[in-house]
Amino acid sequence: MRPKSISIFCIILFIFFGFALFGSIMSLMVAIGVYQFEGNEGQEMVSTAVAALTVPAAIYGVLANVLTLVSLYALWKMKRWGVYLFGAIVGIGLIVSFVIAPPWAIKSEELWWLPFILPAIYIFVVIPSWKQLNGGF
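The working numbering runs 459 ahead of the 1-based position in the sequence shown.
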């Protein structure tokens, strides 16, 4: 049986990363020129910001969001490989952001700690239930 903490955590993150996936797909569509925002000033501002993204950055965003949703599905099914996949996604994301530091990555001197919050919460929620997770697919 899945612990309530994992259920609540997964539901919240499914919703969040579902919206994030939609946004990254829209960013990809803007980056490759399939879609353009038209209308009010706010939409045009978003379009200008998204247009600065490169196609590889947009593909990276879509891929990261899809893999995160897959890892959450595995956690929902109480599979350890979902935790390992999430750890790999976080590790690659941190390497891309801090080591490679591409021009499209958001950088902030004051908020350098922000990318560590979700993994910390993830660990806090998952570790108490580690023995309940099984290793199979």
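Cβ atoms here follow ideal geometry from the backbone N, Cα and C, with glycine treated the same way.
Residue i lies in the alpha helix (DSSP H); which residues open and close that run?
{"i": "SER530", "result": "514-535"}
{"i": "TRP628", "result": "Outside the modelled stretch of the chain, which goes from 460 to 596, sits residue 628, for which no answer is possible."}
{"i": "ILE470", "result": "463-490"}
{"i": "PHE583", "result": "576-585"}
If you measure between the beta carbons of residue i and residue j, is that distance less than 9 Å?
{"i": "PRO462", "j": "PRO587", "result": "yes"}
{"i": "VAL584", "j": "SER464", "result": "yes"}
{"i": "ALA517", "j": "LEU487", "result": "yes"}
{"i": "LEU480", "j": "VAL525", "result": "yes"}
{"i": "GLY520", "j": "SER483", "result": "yes"}
{"i": "ARG539", "j": "GLY492", "result": "no"}
Candidates the options: which alpha carbon is nearest residue i's?
{"i": "ALA542", "options": "TYR581, GLU569, LEU553 and TYR519", "result": "Note that residue 542 is Val in the sequence shown, not Ala. Of the listed residues, the one whose Cα sits closest to VAL542 is TYR581."}
{"i": "LEU528", "options": "TRP589, LEU472 and SER466", "result": "LEU472"}
{"i": "GLY546", "options": "GLU569, GLU568 and PRO574", "result": "PRO574"}
{"i": "THR513", "options": "MET485, MET460 and GLU569", "result": "MET485"}
{"i": "VAL489", "options": "PRO515, ILE474 and PHE478", "result": "PRO515"}
For my contact list, residue i and residue j are in at a C-beta cut-off of 8 Å; report their separation, rounded to the angstrom.
{"i": "PHE476", "j": "LEU522", "result": "Not really, about 12 Å apart at Cβ, beyond 8 Å."}
{"i": "TRP571", "j": "CYS469", "result": "With a Cβ gap of about 28 Å, TRP571 and CYS469 do not count as contacting."}
Compare the C-beta of residue i with all C-beta atoms of chain D and state if any pair is closer than 9 Å.
{"i": "LEU522", "result": "Absent from the structure: chain D. Only one protein chain is present."}
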